[in-house]
Amino acid sequence: MGELFCIFVELINKYMEYKIYCLKEEDTSEIRYIGVTIRELRQRLSQHIHTGKKKTGTRISKWIQSLLNKGKHPVIELIEICDENTWEEREKFWISQYDNLTNIHCGGKGVVIDRSKSSIQRSAVGHYKKVVQLDKNGNLIKLWDSASVAAEELEVGNTAILNAIKNYAGCMFVKKSRWMFLDSFERNEFKFMEYKSNKIKQNPELFSTAKHVYMYDLNGNFIRKFYSVARTIQTLFPGTKTETSLREALKKRTSNKNFYFSYDYFDKLEIPKKYRIVKLDSNLNPIKFYCSQKEAEIELNVGRCSLSDYIRGQHNHLYKGYYWYYVKDYENNKI
Numbered sequence: 015m016g017e018l019f020c021i022f023v024e025l026i027n028k029y030m031e032y033k034i035y036c037l038k039e040e041d042t043s044e045i046r047y048i049g050v051t052i053r054e055l056r057q058r059l060s061q062h063i064h065t066g067k068k069k070t071g072t073r074i075s076k077w078i079q080s081l082l083n084k085g086k087h088p089v090i091e092l093i094e095i096c097d098e099n100t101w102e103e104r105e106k107f108w109i110s111q112y113d114n115l116t117n118i119h120c121g122g123k124g125v126v127i128d129r130s131k132s133s134i135q136r137s138a139v140g141h142y143k144k145v146v147q148l149d150k151n152g153n154l155i156k157l158w159d160s161a162s163v164a165a166e167e168l169e170v171g172n173t174a175i176l177n178a179i180k181n182y183a184g185c186m187f188v189k190k191s192r193w194m195f196l197d198s199f200e201r202n203e204f205k206f207m208e209y210k211s212n213k214i215k216q217n218p219e220l221f222s223t224a225k226h227v228y229m230y231d232l233n234g235n236f237i238r239k240f241y242s243v244a245r246t247i248q249t250l251f252p253g254t255k256t257e258t259s260l261r262e263a264l265k266k267r268t269s270n271k272n273f274y275f276s277y278d279y280f281d282k283l284e285i286p287k288k289y290r291i292v293k294l295d296s297n298l299n300p301i302k303f304y305c306s307q308k309e310a311e312i313e314l315n316v317g318r319c320s321l322s323d324y325i326r327g328q329h330n331h332l333y334k335g336y337y338w339y340y341v342k343d344y345e346n347n348k349i
């Protein structure tokens with residue numbers, strides 16, 4: 015595949031026409047720029063005007079901007095057509111014939127033509143940029159001449175490996191392997207980041223930047239550990255959009271979906287008193303303390319928020335034969 019690409023580039027260079035052109039003042043016909051292009055002249059002129067509108071700092075852009083401000087445009091004209099072997103020398107010659115040019119190079123490997131020409135060369139180099147195949151722990155498995163060669167050999171999509179390298183910071187697996195460019199691997203410029211998506215990949219313990227989530231019941235008893243918020247959602251609440259409410263519960267340590275969650279591990283999670291409630295008998299003696307209103311409603315088999323009004327003081331706090339208060343109010347004798 016690499017050899018075919020080189021042949022393709024050689025054929026393009028062999029039959030390509032390099033057009034040396036000039037840009038002139040509309041009124042005076044004074045030549046202000048000499049350039050080379052492989053495009054149609056009208057396309058090259060449009061590119062010059064587009065660049066000039068951006069007000070970049072180059073001399074040619076400032077000149078074009080000054081014309082546009084006066085309601086005028088530069089005029090493009092063909093000077094000479096060259097081939098791959100002669101265009102550099104001829105461009106230098108034509109630049110040397112004029113004094114008041116806006117060129118910042120003397121020709122040859124100049125800014126514009128080098129951009130046009132080297133785009134093909136950079137494309138070829140890109141196909142030959144070496145990549146490394148790593149195991150899940152970042153150990154080298156194999157060195158490949160390019161992402162495309164590896165993709166062809168492993169029978170995966172043409173861009174699968176390249177996309178994994180460029181878009182997913184080395185954390186997306188292709189053929190059960192991680193992938194990186196060789197130069198980044200040699201400089202140790204990698205750190206496996208969390209793949210932030212609802213499709214968390216295998217081995218989440220390797221994601222060094224993911225915040226662990228610890229799950230507790232309504233009494234604060236530890237249940238289990240998750241390796242990220244996304245993994246928690248994927249396991250407990252698949253197919254639902256609960257990330258915002260879960261993060262809010264983590265921040266304020268409130269209950270969510272009949273559980274408590276924390277970024278920190280505790281043998282016994284201390285539930286904030288402002289969320290705890292107490293059930294009292296007719297003599298206002300405590301019968302039971304609850305970690306949350308939700309826990310009491312589950313025990314009473316009533317709907318969500320059924321106790322809200324009673325806890326806050328409506329109907330004399332009396333519901334189903336018992337008095338209901340926040341623990342903080344009960345301990346502060348606000349009953």
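Per the working numbering, residue 15 is the first one in the sequence shown, and the count goes up by one each step. Each residue gets a CB set at the ideal place from its N, CA and C atoms; glycine is no exception.
At least three beta-carbon pairs within less than 8 Å, the segment 244–253 to the segment 287–303: Taking one beta carbon from each stretch, the segment 244–253 and the segment 287–303 have fewer than 3 pairs nearer than 8 Å; the two do not touch.
Taking C-beta to C-beta, are R192 and L148 nearer than 9 Å? With respect to the 9 Å criterion, R192 and L148 are classified as neighbours on the basis of their beta carbons.
Is it a yes or a no for the segment 326–337 touching the segment 273–284, going by three-plus beta-carbon pairs under 8 Å? Using a Cβ-Cβ distance cut-off of 8 Å, the segment 326–337 and the segment 273–284 are not in contact, since fewer than three pairs of beta carbons, one from each stretch, lie closer than that value.
Which value, in whole angstroms, describes the spacing of the CA atoms of G234 and K302? Cα to Cα, the separation comes out at about 16 Å.
E166, buried or exposed, once every other Cβ within 10 Å from all chains shown has been counted against 16: With a threshold of 16 other beta carbon atoms within 10 Å, E166 falls short and is exposed.
For K210, collect the residues of the same chain with a Cβ closer than 8 Å to its Cβ; drop the 5 residues on either side in sequence, then sort them by chain order. Per-residue confidence for K210 stands at a pLDDT of 42, beneath the threshold of 50, marking its modelled position as unreliable; the derived number appears in the next sentence. Cβ within range, chain order: A244.
Note down, one range per segment and in chain order, each beta strand (DSSP E) of at least 3 residues found wholly within the segment 32–119. Runs of the beta strand (DSSP E) spanning 3 or more residues and lying entirely within the segment 32–119 occur at 32–38, 45–51 and 89–96, in chain order.
Is Y279 buried or exposed, if buried means 16 or more other CB atoms sit within 10 Å of its CB? Of the residues assessed, Y279 falls on the exposed side of the cut-off, its CB having fewer than 16 other CB atoms within 10 angstroms.
If you reduce the DSSP assignment to three classes, tell me which class E219 lands in. Reliability fails at E219, whose pLDDT of 47 lies under 50, so the model's placement of it is uncertain and no value is given.
Sort out for me which residues DSSP pairs N235 with in a bridge. The beta-bridge partner set that DSSP reports for N235 consists of K282.
Do you know whose CA, among K68, E31, S75 and L115, lies nearest L92's CA? Nearest C-alpha to L92: E31.
Helix, strand or coil for Y241 per DSSP? Look at Y241 here: in three-state DSSP terms it is coil, with no helix or strand label.
What do you reckon, are the CB atoms on I45 and L37 nearer than 9 Å? Cβ atoms of I45 and L37: closer than 9 Å.
Proximity winner among E39, W108, F251 and N83, relative to V50 (alpha-carbon distances): In terms of Cα proximity to V50, the closest of E39, W108, F251 and N83 is W108.
Nearest candidate by alpha-carbon position, reference K33, set S43, E40, T42 and R53: Each of S43, E40, T42 and R53 was checked against the Cα of K33, and the nearest Cα belongs to R53.
Does DSSP classify S191 as helix, strand or coil? Here S191 sits in strand by DSSP.
Thinking C-alpha only, which one of S162, V188, E105 and M194 is nearest L154? If we check each option's Cα against that of L154, M194 comes out closest.
Name, in chain order, the residues that DSSP records as bridge partners for V227. Looking at the DSSP assignment, V227 forms a beta bridge with F240.
Out of R104, Y241 and Y337, which one is the CA nearest neighbour of C96? Closest by alpha carbon: R104.
Rounded to the nearest angstrom, what separates L196 and K143 at their Cα positions? Straight-line Cα distance between these residues: approximately 8 Å.
Decide if L81 is buried, meaning its Cβ has at least 16 other Cβ atoms within 10 Å, or exposed. By the neighbour-count rule (16 or more Cβ atoms within 10 Å), L81 is buried.
Would H62 be called buried (16 or more neighbouring beta carbons within 10 Å of its own) or exposed? Classification of H62: buried, given that the 10 Å Cβ count is 16 or more.
Please report the Cβ distance between V188 and V170, rounded to the nearest whole angstrom; I am assuming they are in contact, meaning their Cβ atoms lie under 8 Å. Confirmed, about 6 Å.
Which of the three DSSP states is assigned to L298 in this structure? DSSP places L298 in the coil class of the three-state scheme, outside both helix and strand.
Per DSSP, what are the beta-bridge partners of Q147 in this structure? Partner(s): K156 and W193.
Do the CB positions of I74 and T116 come within less than 9 Å of each other? Judged by their CB atoms, I74 and T116 are nearer to each other than the 9 Å cut-off.
Over what stretch of residues does the beta strand (DSSP E) that includes S276 continue unbroken? The continuous beta strand (DSSP E) containing S276 extends over residues F273 to S276.
Since H226 and F240 should fall inside the 8 Å C-beta cutoff, what is the C-beta to C-beta distance between them, to a whole number of angstroms? About 7 Å separates the Cβ atoms of H226 and F240, confirming a contact at the 8 Å cut-off.
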